[in-house]
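In the numbering used here, the protein residues as written are 1 to 286.
What follows is one structure encoded as structure tokens, with my remarks underneath.
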């Protein structure tokens with residue numbers, strides 16, 4: 001989780017705290033609190049909330065302090081909607097890769113008859129959305145290493161975007177497995193991943209897909225880091241498809257059939273990458 005502070009009624013993190021947060025990122029010094037899961041400890045009392053640092057549709061992110069052993073962490077509090085399948089805990093706790101943010105601890109709570117899952121993870125400097133300068137080749141190598149590992153585990157992330165790729169001292173860590181799913185041959189939702197990083201098969205409504213959708217998203221992210229803006233940004237699904245076709249050209253009939261295309265797309269010719277990128281950068285300067 002990223003360390004971006006916002007207004008909160010909880011105790012503010014002091015400059016000395018920030019120093020501790022930075023030094024606590026030395027991974028060899030971080031306690032693996034999952035080993036404490038079998039102890040008779042009330043997890044909700046084990047962590048003290050210090051500040052709120054993020055808010056999503058179904059989750060809230062906090063900075064917390066481990067009162068039992070000390071140290072600062074990020075806690076993701078996720079609403080457990082009985083109408084939705086939540087695979088995040090099952091998938092995340094089985095991840096073991098140097099470029100995937102490790103799950104340190106977890107527990108459930110019930111508030112006003114509503115169930116929540118609490119996921120405790122490391123704190124990081126930020127993410128690729130707010131990182132100013134990153135070593136692009138190094139980030140690309142680490143990102144694809146993490147995706148190769150996910151494929152070996154038959155897992156689709158399904159929500160790759162700069163905000164979900166945490167950044168610390170030149171290294172990246174995939175996070176947020178709330179939309180992830182195992183590839184088991186079953187039907188899957190096509191309305192996943194943010195539109196700017198959504199693969200064409202998803203835009204066309206495919207319900208059978210694989211980890212290629214994450215490769216597409218990764219390419220869009222790396223292009224964005226190079227350009228300083230999103231590579232494809234449509235106002236809606238059809239507009240997004242047109243933006244992609246402006247670069248890659250209109251798919252032929254065979255490709256349309258494979259993608260499940262049901263849209264009438266203008267006949268657009270593919271552009272050379274260098275010319276297309278130059279036109280984007282030129283528009284940025286105007």
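By construction, the Cβ of each residue, glycine as well, lies at the ideal position given by its N, Cα and C atoms.
Since the structure is predicted, the reported quantities are computational estimates derived from the model, not experimental observations.
How is the alpha helix (DSSP H) around residue i delimited, first residue to last?
| i | result |
| --- | --- |
| residue 139 | 136 to 152 |
| residue 271 | It is not in any alpha helix (DSSP H) - residue 271 carries neither H nor E in the DSSP assignment. |
| residue 68 | Neither: residue 68 is in no alpha helix (DSSP H) and is coded neither H nor E. |
| residue 203 | 200 to 203 |
| residue 89 | 88 to 92 |
Of the choices the options, whose alpha-carbon is the least far from that of residue i?
| i | options | result |
| --- | --- | --- |
| residue 250 | 220, 200 and 218 | 200 |
| residue 203 | 254, 76, 73 and 245 | 245 |
| residue 65 | 104, 267 and 86 | 104 |
| residue 146 | 128, 162, 172 and 134 | 172 |
| residue 153 | 42, 49 and 96 | 96 |
| residue 215 | 130, 111, 60 and 144 | 144 |
| residue 237 | 197, 223 and 257 | 197 |
| residue 229 | 184, 102, 168 and 161 | 161 |
| residue 106 | 75, 86, 133 and 79 | 75 |
| residue 222 | 235, 269, 149 and 129 | 129 |
| residue 186 | 271, 272, 206 and 124 | 206 |
| residue 213 | 42, 259, 93 and 227 | 259 |
| residue 217 | 159, 181, 179 and 176 | 159 |
| residue 166 | 131, 138 and 182 | 131 |
| residue 272 | 211, 247, 54 and 191 | 247 |
| residue 234 | 195, 109, 137 and 263 | 195 |
| residue 179 | 254, 190 and 169 | 190 |
| residue 138 | 73, 99 and 112 | 99 |
| residue 243 | 270, 225 and 227 | 270 |
| residue 101 | 51, 156 and 164 | 164 |
| residue 61 | 67, 49 and 232 | 49 |
| residue 287 | 56, 220 and 262 | What the structure shows of the chain is the stretch from 1 to 286, and residue 287 is not part of that stretch, so it cannot be assessed. |
| residue 124 | 255, 57, 63 and 211 | 63 |
| residue 89 | 227, 181 and 126 | 181 |
| residue 51 | 254, 241, 72 and 209 | 72 |
| residue 241 | 122, 149, 231 and 265 | 265 |
| residue 46 | 184, 109, 141 and 227 | 109 |
So, helix, strand or coil for residue i, using DSSP?
| i | result |
| --- | --- |
| residue 74 | strand |
| residue 118 | strand |
| residue 61 | strand |
| residue 24 | At residue 24, the pLDDT of 43 sits below 50, so the modelled position is not reliable; the number obtained from the coordinates is stated separately. Of the three classes helix, strand and coil, the one that applies to residue 24 here is coil, per DSSP. |
| residue 126 | strand |
| residue 267 | coil |
| residue 259 | helix |
| residue 43 | helix |
| residue 100 | strand |
| residue 160 | coil |
| residue 254 | helix |
| residue 209 | coil |
Could you check where the beta strand (DSSP E) with residue i kicks off and where it finishes?
| i | result |
| --- | --- |
| residue 165 | 165 to 168 |
| residue 51 | 47 to 55 |
| residue 132 | Neither: residue 132 is in no beta strand (DSSP E) and is coded neither H nor E. |
| residue 227 | Residue 227 -> not in any beta strand (DSSP E); alpha helix (DSSP H) instead, spanning 212 to 227. |
| residue 239 | Counting along the chain, residue 239 falls outside any beta strand (DSSP E), though it belongs to the alpha helix (DSSP H) covering 237 to 248. |
Going by DSSP, what residues sit across from residue i in a beta bridge?
| i | result |
| --- | --- |
| residue 192 | Looking at the DSSP assignment, residue 192 forms no beta bridge with any residue, so it has no partner. |
| residue 172 | 167 |
| residue 107 | 118 |
| residue 79 | 116 |
| residue 181 | 156 |
Is any non-hydrogen atom of the ligand NAP found closer than 7 angstroms to the C-beta of residue i, if you look at the structure I gave you?
| i | result |
| --- | --- |
| residue 201 | Absence of the ligand NAP from the depicted structure is noted, as is the absence of any ligand whatsoever, leaving it without description. |
The stretch 114 to 124 in contact with the stretch 77 to 90 per 3-pair CB rule at 8 angstroms: yes
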